[in-house]
Structure formats: C-alpha cells, structure tokens
Amino acid sequence: MQDIEWLKSITNLPILIRGVLTHEVARKAVEVGVVGIVVSNHGGRQLDYTPTTISVLEEVVDAIGGKVPVLLDGGVRRGTDVFKALALGAQAVLANVAAGWKACNLWPCSKGERSVRWVIEMLMSLRSLWPSVAALVLWILPRAM
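Residue numbers (my numbering): 1162 to 1306.
Here it is, written out as structure tokens:
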C-alpha cells in the first residue's frame, strides 16, 4: 500500500489497483484512496494455485461495501461469464485476454481481426436475453438467501 500512497503523492490521476484477491487487500486499498478495484489473478500466470477471480469476487465486493467500483478481470470466455460477474457485484468486466488468446492461439494470426470480432460477438450474443435473465435472477436470488 506504500506504493499506492507514493503514487498518489506524485499524480492527480485516479488510481485503480489490479490483482486483488482478498477482502483484506480490498479494504486496505480503499483506505489508502484508490478509486477502483480490479479483481484479477493475472491470468493465473504469476503463482500456482491462485483462486479463480469469480470465486473471490463476491467476498471483495462485500468487503468494500460499494465505496468504489469493482471490476473483474479473468476467466471470461462467454457472455454468461459476464452476466455472472455482474450478478455477483462487479460494475464492469475486462475480457481483452480472451480476445487476444483467441486471435493468436486458436486460429492463425492472419485471421486476428476476424478472431477478435468473433470473441466480441460471442460476448455480446446474450445481451438481448439479459433483461429476461436478470428478472429471473432477481426473482430467484432473494428466495435462495
């Protein structure tokens, strides 16, 4: 958190912290004045056995009590993943890694733009269904709690 305090001392830009996976870190980040939190495990590439972002999202959201926006980064492969994250309290979802992975690994890179378009279309494919699904979730969730 000292790095965040130092960064705040040299800039007036808003600061978001990425890589938050626990409620303790989320609370401390809010205390030192970040304007947003990105729940991320850095694609699971930095450490073995990190929790999935979706599994810790609700804990982080609950810990900060709406004081700053929470974004989810990682594990987004389809439109329903976006909806799950939003239902668990994320204000936004980052999905650029999926597009890059799709563009460079699944298809030849010569089809990169086509691949990225496919990912964006896939993520947006369920948006027309979201109001109906949201109504169903809002009806079911209170009964399950």
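All C-beta atoms, glycine included, are put in the ideal place defined by N, C-alpha and C.
Cα atoms of Ala1224 and Leu1168: separation of roughly 24 Å, rounded to the nearest angstrom. Under a 10 Å Cβ-count criterion, Ser1201 is classified as buried, with 16 or more other Cβ atoms of the shown protein chains found around its own Cβ. Apart from the 5 residues on each side of it in sequence, Glu1219 sits with its Cβ closer than 7 Å to the Cβ of Leu1249, Gly1250 in its chain, given in chain order.
A straight-line Cα-Cα distance of about 6 Å links Gln1252 and Leu1232. Around the beta carbon of Ile1171, a 10 Å sphere encloses fewer than 16 other beta carbons of the protein chains shown; the residue is thus reported as exposed.
Ranked by how close their Cα comes to the Cα of Glu1192, the residues Gly1240, Pro1212, Asn1173, Val1229 have Val1229 in first place. Taking Val1181 as the centre and dropping the five residues before and after it, the same chain places the C-beta of Ala1187, Ala1190, Ile1198, Val1199, Val1200, Ser1201, Val1221 closer than 8 Å to its C-beta, in chain order. In the three-state reduction of the DSSP assignment, Val1181 falls in the strand class, which pools E and B. Going by C-alpha positions, Thr1241 is about 22 Å away from Arg1275.
The three-state reading of DSSP puts Asp1209 in coil, since its state is none of H, G, I, E or B. For Ala1224, the enclosing alpha helix (DSSP H) has its first and last residue at 1214-1225. Residue environment for Gly1235: buried (at least 16 other C-beta atoms within 10 angstroms of its C-beta).
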